[in-house]
Amino acid sequence: MIEIPSDLHKDLVPLAFLLGNWAGAGVHDFPGSEKCNFGQEVTFTHDGRDFLEYHSHTWVLDQEGNKVRPLETESGFWRIDADRKVEVTMVRDDGVVEVWYGELADKKPQIDLVTDAVARTAASGPYTGGKRLYGYVKSDLMWVGEKQTPEVELRPYMSAHLKKVVTPEEVERWAKALPDDMPDDGIAFFK
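Sequence positions in the sequence shown follow our numbering and run 4 to 194.
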């Protein structure tokens, strides 16, 4: 279920499906890097202004699904204009800063992004650009990232399947919003 907060900036309504805390797992595979499964936590928040704030943390998982060590961390800001054009500014823990541009698909919650600008510090590894696809599918957030370096052509390197994390505060808010005439047995919902 997609909720649109009453204090969400009107321009961000098309991006409301991203809001919240997400967690899940995915696969990382890029030449020169360790191939691994990873865990991920993503948060999209807003404060009433015309952007979403984004934070993502990933970590390597062992065979049993336990956290081994951090993989990547990134933060940024997402905006959308009246023509459904999306812009993202992002900074990563490895010393990369990116500007992404893309578009929200027509009639479905899917965003295609491509890097427009990349800046790297001396500490960062080789990186020249990327693509990302985000989609809201059956109440889950899925994404795939592609990247390229001077030595490696653009290719997929990470993808994940994330589930919405429900907080106790959200459950309490939903419970308070239930109608007073709820059936006791719940069967009436299915009639």
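We treat Cβ as the ideally placed atom computed from N, Cα and C, and that holds for glycine.
| said: Suppose you measure from the CA of Ala108 to the CA of Tyr139; what does that come to, to the nearest Å? | reply: Along the sequence shown, one-based indexing puts residue 108 at 105. Along the sequence shown, one-based indexing puts residue 139 at 136. Rounded to the nearest angstrom, the two C-alpha atoms are 11 Å apart.
| field | Phe80 - partner residues in DSSP beta bridges | value | In the sequence shown, residue 80 corresponds to position 77, counting from 1. In the DSSP output, where bridge partners are listed per residue, Phe80 has Glu56, Thr92.
| request: Would you mind giving the Cβ-Cβ distance between Trp199 and Arg158, rounded to the nearest angstrom? I have them listed as a contact below 8 Å. | output: This structure cannot speak to residue 199, because the chain is shown only from 4 to 194.
| field | With 16 other Cβ atoms within 10 Å as the buried cut-off, status of Ala163 | value | Walking along the sequence shown from the start, residue 163 turns up at place 160. Under this definition Ala163 is a buried residue.
| message | Starting from Thr48, trace the beta strand (DSSP E) in both directions and tell me its first and last residue. | response | The sequence position of residue 48 within the sequence shown is 45, counting from 1. Per DSSP, Thr48 belongs to the beta strand (DSSP E) from 39-48.
| said: Quick check on DSSP: helix, strand or coil for Asp119? | reply: Translated into positions along the sequence shown, residue 119 becomes position 116. Here Asp119 sits in strand by DSSP.
| said: Distance check for Lys88 and Pro17, CA to CA, integer angstroms please. | reply: Translated into the one-based positions of the sequence shown, residue 17 becomes position 14. Translated into the one-based positions of the sequence shown, residue 88 becomes position 85. Between the C-alpha atoms of Pro17 and Lys88 there is a straight-line separation of about 11 Å.
| Helix, strand or coil at Asp2 [DSSP, three-state] | The question about residue 2 has no answer here: the residues shown for the chain are numbered 4 through 194.
| task | Under 8 Å Cβ to Cβ from Gly189, same chain only, skipping five residues before and after it: list those, please. | result | One-based indexing of the sequence shown puts residue 189 at position 186. Note that Gly189 scores a pLDDT of 49, beneath 50, so its modelled location is shaky and nothing firm can be said.
| Given 8 Å, three or more beta-carbon pairs between the region 8-15 and the region 27-36 | Because the criterion of three Cβ pairs below 8 Å is not met, the region 8-15 and the region 27-36 do not touch.
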